[in-house]
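If you use our numbering, the sequence shown closes out at 315, no skipped numbers anywhere.
Okay, structure first, notes after.
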Amino acid sequence: MNKGVKTTVIGSYPVITDNMEFMKGYFSQKDSFSWERYIQSAVNNMVDAGIDIISDGQTRDPFVNIFFRKIKGCRIRDRPEVIDKVEFDGSITVDDQKYVRSIIPDDREIIGLIAGPFTLAQSCIDLYYNDEKELAFDFAHALRQEAKILEKHVSMISVDEPFFSVNMPEYAKELIEIIVEGLSCPTRLHACGDVSKIVPDLIELPVNVLSHEFKATPQLFDAFKEHNFSQSICLGSVRSDSPHVEPVEEIVEHINHGRDVFGDKISQLSPDCGLRLQTRNVAFQKLKNLVKAYEEVYG
Ligand SMILES: [Zn+2]
């Protein structure tokens with residue numbers, strides 16, 4: 017088995033929310049409320065599917081809210097709001113990663129997930145800065161502190177910037193640099209959507225791995241083909257926006273196409289994006305088929 021290439025996940029995993037205790041815990045966010053069984057349930061799915069590098073599934077909150085809830089200067093009303101200077105106020109995701117480490121087999125790795133500073137700045141109502149760039153940089157400095165603690169507990173950190181596909185700012189590289197500079201673990205940048213027009217900017221980012229939606233956006237193959245770049249590729253190989261579970265042969269064909277374009281530059285295979293909008297069963301089947309396809313191609 018080619019362990020140079022590993023299977024992994026992106027973003028958030030479906031949470032089972034059909035019970036009152038979860039809903040009450042979610043809305044109260046009391047420290048006494050135990051998230052562990054919800055994290056465990058997501059993690060067990062990833063382990064059982066055979067994924068090599070797993071995450072906590074961002075079970076606790078939808079993606080950005082995990083960060084808005086814990087970063088100083090932010091609060092969550094109908095939408096997240098920034099009401100004061102944005103500053104790090106203690107670890108955001110680290111406790112969950114420690115818990116994940118305690119329940120997974122030794123042969124599995126963990127990827128830490130950080131919502132990117134530009135995406136955070138674009139996802140809130142700014143009632144304090146009136147300066148989108150300054151706000152994004154303060155988020156970057158806060159996330160840098162999170163990354164410095166997180167790196168001790170994970171084997172890779174992913175900075176997730178879905179908003180890059182909508183509007184990649186000219187200071188994107190500086191933002192990402194603040195977070196990743198000098199980290200001891202490898203880093204990944206995930207940007208979903210059609211990023212084909214910003215490939216020249218993405219390949220300038222100081223990360224080890226670039227992660228994109230190659231399954232839903234096959235034109236990305238042509239967009240990347242035209243460039244030389246140093247990063248390796250995390251190949252999105254099953255769709256996250258459709259409940260259709262891709263058969264193994266279809267995923268194998270997709271991976272082989274990826275190998276024709278990128279050769280050994282593929283370091284990871286993943287779903288296109290977080291699977292949170294799918295049912296738990298669909299998400300699990302997609303991961304299982306992804307692993308089976310990996311084994312067929314690289315085994
Ligand atoms: Zn995504």
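For each residue, glycine too, the CB sits at the ideal point set by N, CA and C.
- If you draw a 10 Å sphere on the C-beta of LEU218, you find 16 or more other C-beta atoms in it, and that means buried.
- DSSP places GLY20 in the coil class of the three-state scheme, outside both helix and strand.
- Between the C-alpha atoms of GLU97 and ASN81 there is a straight-line separation of about 10 Å.
- Distances from the alpha-carbon of GLU148 to those of CYS201, HIS157 and PHE134 put PHE134 closest.
- Under the three-state reduction of DSSP, HIS273 is assigned to helix.
- In the structure shown, ARG204 adopts extended strand secondary structure according to DSSP, grouped into three states.
- Inside the region 69-139, DSSP marks whole beta strand (DSSP E) runs of 3 or more residues at positions 88-92, 96-103 and 125-131, from first to last along the chain.
- Straight-line spacing of the CA atoms in SER256 and LYS302 works out to 9 Å.
- Fewer than three beta-carbon pairs drawn from the region 149-164 and the region 113-127 are found closer than 8 Å, and the two stretches are therefore not classed as touching.
- Residue pairing by DSSP puts CYS250 in a beta bridge opposite SER227 and GLN284.
- In the structure shown, ILE173 falls within a strand segment according to DSSP collapsed to helix, strand and coil.
- Between CYS208 and PRO178, the beta carbon gap of about 5 Å places them in contact (Cβ cut-off 8 Å).
- Pairing LYS281 with ILE173, the inter-Cα distance amounts to about 19 Å.
- Taking C-beta separations shorter than 6 Å and ignoring five residues to either side along the sequence, the partners of ILE165 in its chain run SER107 and VAL110, following chain order.
- Annotation for CYS208 indicates a beta carbon within 6 Å of some heavy atom of ligand 1.
- Secondary-structure assignment with DSSP links ILE141 through a beta bridge to GLU97.
- PRO234 is positioned such that its CB atom lies no closer than 7 Å to that of VAL298.
- Taking C-beta atoms as the reference points, CYS250 and SER212 fail to come closer than 7 Å.
- Between VAL277 and PHE237, the CB-CB gap stays under 7 Å.
- Residue environment: ARG53 is assigned as exposed (fewer than 16 neighbouring CB atoms within 10 Å of its CB, all protein chains considered).
- With a contact defined as Cβ atoms closer than 8 Å, GLY27 and GLN56 miss out at about 18 Å.
- Looking at ASN60, ARG117, ILE69 and ILE130, the one whose alpha-carbon comes closest to that of PHE83 is ILE130.
- Bounds of the alpha helix (DSSP H) holding ASN60 are 52-65.
- In the three-state DSSP reduction, LYS168 falls in the coil class, being neither helix nor strand.
- Between ligand 1 and the CB of PRO133, the shortest heavy atom gap is not smaller than 6 Å.
- If you draw a straight line from the Cα of CYS90 to the Cα of ILE127, it is about 25 Å long.
- About 6 Å separates the beta carbons of VAL223 and VAL196, which is inside the 8 Å limit, making them a contact pair.
- By a beta-carbon distance limit of 8 Å, GLU125 contacts ASP68. Their separation comes to about 6 Å.
- When the alpha-carbon of TYR145 is set against those of GLU103, LYS168, LYS114 and PRO263, the nearest one is in GLU103.
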